[in-house]
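These protein sequence lines map, in sequence, to chains U and D. Residue numbering for the first sequence follows this note's numbering, starting at 1 and increasing by one per position. Residue numbering for the second sequence follows this note's numbering, starting at 1031 and increasing by one per position. Think of the CB as a built atom: it goes at the ideal place given N, C-alpha and C, for glycine as much as any other residue. Predicted model only: the values in this text are computed from it and were never measured.
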Amino acid sequence: MLPVPLPLTLTLRITVLVTASTLQCLATDLQSPDFNRDIRPLLRNYCVKCHGPLQQQGRLNLSMPTGIARGGAHGAVIVPGKPQESYLWQLVDRDEMPEGTPLSAEQKNLLKQWIAAGAPGLPGPGQVGSTEDQHWAFQKLSRPQVPAVKQQPLVRNALDAHLAVQLEAVGLTFSPEASRELLIRRVALDLTGLPPSPAEISTFIKDPDPQAYEHLVDRYLASPRFGERWGKHWLDAAGYADSNGYFSADTDRPLAYRYRDYVIRSVNADKPFDRFIREQLCGDEMVGFRPGQPVMPPDIDLLEATHFLRNGQDGSDIGVQEPEAFEIDRRAALEAVVQVTATSLLGLSVHCARCHDHKFDPISQREYYQLQAIFFPAFNPQDWINPKDRVIHAYLPGEKEVWEMRESHLRQQLAQLQEEYSVWVAANREPSEVLFEDPFSEGWQSRWSAAAPGDDKPSAAITIDGTQPNSAQVQAGTLQIIAGPGEAWLSTTQAFDWTPNETGDWIQATFDLVDNKVSGGPAERIGYNIAVHDFDDSGSLVGGNILIDGNPATATSIYSDYPGGDQQVIGAIGAQGYVPGRNFGVRVTNIGNGEFRLEHCVDGLSDGATLKLTAADLPDGGFSFFYCVNRSFIVDNVRIERSTASVTTTVDVAAIRRAQQERFAEYEKQRKDLEAQRTPEPGRAIAWVSDKSGKPPVVPFLNRGLYHLREADVPPNALAALSDPGAEYVAPVIAPDAATTGRRTAFADWLLRPHGRPSALMARVHVNRVWRQYFGRGIVETTDNLGIGGAPPSNPELLEELAAGFVADGWSQKMLHRRIVTSAAYRQSSAARPEALTTDGDNRLLWRWPVRRLEAEVIRDSMLAVAGQLDLQTFGPYVPTKQTALGEVIADEQIPGALRRSVYLQQRRSQTLSFMKVFDAPAVATICTTRPSSTVPLQSLALLNSDFVVARAEAFATRLLAETDATPRELVRYAWQIAVGRLPTDTEAAISTDFIETQSAHYSGDDAKRRPIADFCQMLLASNAFLYLE
Amino acid sequence: MTSCTGSRLQCSPRRAFLGQTAGGILGSMAFHWLQAEQQGRLPQAHHAPRADRVVVLFQNGGPSQMDLFDPKPELNRLHGQPYPGGVKVETLSPAGSGNLLGSPFRFQAAGQSGMVLSELIPHIASIADDITLVRSMTTESVCHEAALRISHSGHALATDRPSFGAWLTYGLGSLNHNLPAFVVLPDPAGLPINGTLNWSAGWLPAQHQGTAFNSGDPAAAPVLNLHTPPRIPENARRKQLELIRRLNAEHLQRFPENSDLEARLKDFETAARMQTAVPAVVDLTGETAATRRLYGIDLPGTAPYGTRCLLARRLLEQGVRFVGVYLRGQPWDTHADNANATKAVAAQLDQPSAALVRDLKQRGLLDSTLVVWMGEFGRTPVSQGANGRDHSRRGFSMWLAGGGVKRGYTHGATDDFGYESIEKVVTMHDLHATMLHCLGLDHQRLSFEHNGRNETLTDADLNHAKVVSELFA
């Protein structure tokens, strides 16, 4: 028994969608079996494998209501109301079906009851056509006749006519056209995502031209803001993100923005949609590009377009370094490519067929792997490219040669300069005694060891003269530090006294850094140690083991007692980074009072900050190089020496040091002058996708989708259910030295063939999504699934007209938008009409324009625009977002670009802006074409209390005070025009004015004038008048 | 069981959209919801629920079953020897597969039921007669990240799937509209591994996301955007709320039939009430000294977790549907010095965990609240290094209380070493199915269409999830 119930209330509200079948379903008595809830899963799990879309044994297809109603070779299998006469029930009752797995008594009972109840949910006898054999969405496009309707004067185009037919069937008409001030706000926000300015509004309202609205639409379609708004919808459909996702680390995709920019540019240029898709599938093959080749500027676009194929999550950069984990991570990225492509372009859940034949759609598991084979050459788990390496440098013809010539000349000059300097330094040294010197010639092995001098428990073994990880090897007279996964040392066998006796005396250890890598990437640190005496991990070590952890770019970190539990950071010394070709090291100088200065030496000279150590820090011990992951490098000429100045009185040490400083300054100036002449590599880095080579890879069929259950190899192919005879996917034959396999081009040919069925499906998928954005509900509600398992179209003729018209208009996206927003359906008023409310309360038939809440991005962008703060800078790297200590994700307003449009903010999968997330902005994992539009109290809290809204309100107030004569009445009128696009009603004006006048009572001083206006502005931005389109 | 206001029935449309088995065919789930509202139908679970709210005390890192819940004399006898039969224990680290590592802790029978528990958890032992102990858990990964995803959302790799609490609020809605339905109490000192992903709504509508309460700094807002900005005085804010109400009421006259607009109008009032309700629910000053002692808030070791457990009780009491209590990082991750580390963590968590059950019981809330104490996996019977234990996924323990589960019952068993579950094996998916069942939900029918696929928490076709009905009385 539950305790006394608390008020059962709800914080969940969603804008809603309807189909006829849902109505039917709801009307069904809860007690009797429901077709969709109870019967369909039964058939799906037990029957459709043999009697479904792929196999119709006995010519029976139990995957669709029409198929069940029609029956098979035996005739009808269901006689509604009469289980005993139903062939299907007879077989099930006798346990003859499902073969080998009889149903349980409970399952049988459900089936029997359902038939006895008249088999609700099946179409009647007259409704079973023959088209069922070819699912409606898989058919060719055929543009329907424009029907004649009674309300002809209200009809503006064919779209309207198809809507009017359905309206008239229930005795409804369109609503009259909305007022111009409502229309301009509606169409401006829909097309550009930004509110119209008061000037635009007043121009439009006063425009006497009967075509004023059409001209207005054309202006907005031509605006650069159009591509930002509608490009974002495509980016969502394509699963775009600025991060790799998959793992919680959600690593960065720093170059993905170029694809975002490509999309925005393409939409603004009204690139034909079929061409747009082709570029994204195979732009690299269209260009015929090979890495290292120059490209022409238009081709750069096409290379950037291929980023579409890598929008899916890809964790292969940071996976666990085990073969099995690699396979899983890479396969997941490959599977994501297939899913994103099939769902975004075809609106089919092809990914369901990875482990088994699709349960509704005619897609076999084998076909899944055939489709995978098309993308496999670019995403071959056995020949993988990590996301961060899927990058090329594209440059113009000639650009690179010139650059390389100049680079080479400058490098020579730098080398010469350095040589001269080194010679000088060698000749002008302070007097010293060399304690140890190794130029890595014969016999070097005897001078080095894995153990520090006297250490009885040495570090993990370093192989002397080995080539595997954790080895030291001499090549060409230089020492290669080949690091492995563990921490280890390569130490001198000789120990040194690191605490010079006299004040002013020093000991120093230096070496030439020949290269910062052996093979593979550059070392993350150049680490070495002094005073090493005991490799002890336990944490009981005292003193010594000073780790000098050289940083490639900045100051050098110093640790003591490293490694071990008591290791600690002492601080940092130096300033210069470890770049190859220079001499690095440290000097320890006795500065009296038992203290020792540790200073960084670069090219024999003191560099930057120093630290103080004590004698306890510096026990006698060796010098060593430090081994850890990603720390392979090459050194030469290790030299350990100590000063002899205190015993050699004939030399003026101070004069030598002065000369050194002067010579160094001269060298540095010359070096910097030369460096300044260097330029970055020309061209631009592009994150792209291309096949690894033209050689066809082996693509295995995976039993149950399991990576270790490989079966026969499959060739590339597209979906048979969409292939017309004579227009099947043609596996390309490619020369062995080709850069790519051509499989993606062949897929694009198959998909985009004019008048073909695949392109017909793609057109339907796209126009349906666009329609959904305008009217809040797709003609097919399941915008990602136009397959057999998806919802049927609520107005099939309208969908066909839109899709066929889209294709006939040369796949022009702007013409598609223009048709929709110039239709009477779009232009009609959103006001309620009592008689229509009674007939169609949910406005399924579009007798009025549906009131809609703005999307997250539009809310944010509009608030910035209204506040007069929107930064309209276009394109370029994303504006970073960050998570605050309290877990809020924000765009820090201190950084440049924080007030740019939302499409330019970092789209990190795990870091959606909190303010937008609460208004349903998605965290993109695969793709997102249908967002909920929720109404929850957390939104109200964000509108009332978030820093973002409060700051916008204050800026809005500042703008108002600057732009108007601030009588509250005028100010209120102007504020409404800016924010809501219309003048307030008398009541609204009175409420607003009254508020401003009385609110000042709550403030004093300067606040008394501005704060009431800001408080009003905030509530205007929080009001339904602002948040909703009408 | 409702108190609805106005024309809008403020209830979850449970029955309506939970009945859906193939979202694509039936259309949007959201629609059902409105229909249910408009038709004034009361929400219904799939079947009679045993509990109507849940608290999960999540034990990040993987508690050591053979040191806490699952005595293994044979393991102790063969301590220091190789695992018999040449069994290679699956571990995360190659160094994790040392010789058998016995438990130094004493086990004894507790309560009337005689449930055998370790000396490290005397308080949990004191509620043995109120709990069901499952000793036969399994999961699919020995990586923290993946195992956390499995234990929260049923899938090792996907990062976009809803976590358990999100499914629950999606299925059952809220019991108190002045508080979020899904509240998370992370350690104020830091998030667990996987961070906020542990309470993500994935692709479910955003409102099902867990709301993390900051229980640390009393000066900071416990919920994001909860506090009125300091520059707006309270009386000025009141006038603002009046203004927005009047503006929205005026706007509503244009579309009087639009329930969404009306809902938003009311949401500002709800938000204002939340501004009072949330601070009130997190304000512990009204709790008696006896209650504080019960949870160990008077002692420094147990105070942090005790505070969160007490907060959990207050939230449950106020009708929060799902409360998740988390640990910072992963304290149970005892790779080194397992015995001392486990002892130290147990000392901090044992008393508060037991106190929550005891307190719910004494307030008559235990029957309607399902308490779940679980980690993402267990630990190996063999040593890692000298004296640590590595991750183990094949056999580990967890316990439940309240919500109609059996009292003083021990379910399933592992082998002689506590490595592999061999009797009445319970997978994470089974546990999810069972938890939903307890709340009156059928794991195969609680579904949501995503990218054209009808998704469920347990993905039962794939994972063979089943309700473990033996756990219920």
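Residue of the options minimising C-alpha distance to residue i
i       : options                          : result
I570/U  : N583/U, A553/U, P580/U, D549/U   : D549/U
Y262/U  : E228/U, D250/U, G288/U           : E228/U
N637/U  : F626/U, K672/U, G581/U           : G581/U
S1230/D : A989/U, A923/U, F806/U           : A923/U
N545/U  : N551/U, R833/U, G527/U, E711/U   : G527/U
S690/U  : Q1018/U, E279/U, F1016/U, R753/U : E279/U
S266/U  : P294/U, K232/U, G239/U, G288/U   : K232/U
P53/U   : M97/U, L1020/U, H356/U           : H356/U
L1087/D : L1357/D, V1311/D, L1395/D        : L1357/D
A137/U  : Q508/U, P439/U, V767/U, E855/U   : V767/U
Q828/U  : A199/U, L845/U, R853/U           : L845/U
E857/U  : V950/U, L1027/U, A953/U, R258/U  : L1027/U
Euclidean distance between Cα positions of residue i and residue j
i       : j       : result
L1198/D : Q1095/D : 28 Å
R900/U  : A222/U  : 20 Å
S1499/D : P80/U   : 36 Å
V733/U  : Q56/U   : 35 Å
A241/U  : T251/U  : 11 Å
R491/U  : A1242/D : In the sequence under discussion, the amino acid at residue 491/U is Ser, which differs from the Arg named in the question. S491/U and A1242/D: Cα-Cα distance of roughly 51 Å.
W1063/D : K1269/D : Model confidence at W1063/D stands at a pLDDT of 35, short of 50, so the residue's coordinates are unreliable and nothing is read from them.
G1070/D : E168/U  : With a pLDDT of only 30 at G1070/D, under 50, the local geometry of the prediction cannot be trusted, and no value is derived from it.
T740/U  : N244/U  : 25 Å
A472/U  : A451/U  : 13 Å
N1368/D : G1132/D : 11 Å
P1012/U : D994/U  : 11 Å
D713/U  : E106/U  : 43 Å
Residue(s) in a DSSP beta bridge with residue i
i       : result
I890/U  : K882/U
L1130/D : V1412/D
G1354/D : V1086/D, V1214/D
S243/U  : D252/U
A898/U  : In the DSSP output, where bridge partners are listed per residue, A898/U has none listed.
Beta-carbon proximity check, residue i vs residue j, cutoff 8 Å
i       : j       : result
Q1381/D : G1438/D : no
G1470/D : H1077/D : yes
T1488/D : H1467/D : no
D274/U  : S759/U  : yes
V518/U  : I482/U  : yes
V423/U  : D603/U  : no
A256/U  : I318/U  : no
S902/U  : D861/U  : yes
L802/U  : L154/U  : no
F623/U  : T510/U  : no
R597/U  : A394/U  : no
I984/D  : G1331/D : Look at the range of chain D in this structure, 1031 to 1503, and you will see that residue 984/D is not part of it.
In the stretch 1382 to 1435 of chain D, which residue ranges form an unbroken beta strand (DSSP E) of at least 3 residues, counting only runs that do not cross its ends?
Entirely contained in the stretch 1382 to 1435 of chain D, the beta strand (DSSP E) runs reaching 3 residues are, in chain order, 1399 to 1404, 1408 to 1414, 1418 to 1422, 1426 to 1432.
Where in the stretch 1150 to 1193 of chain D do unbroken runs of the alpha helix (DSSP H), each at least 4 residues long, occur, reported from the N-terminal end onward?
1152 to 1156, 1174 to 1183
Could I get the ranges of all uninterrupted beta strand (DSSP E) runs contained in the stretch 689 to 775 of chain U, with 3 residues as the minimum, in chain order?
List check, beta strand (DSSP E) in window: 700 to 702, 710 to 713.
Report the start-end ranges of each beta strand (DSSP E) in the stretch 415 to 470 of chain U that is 3 residues or longer and not cut off at the edges.
432 to 438
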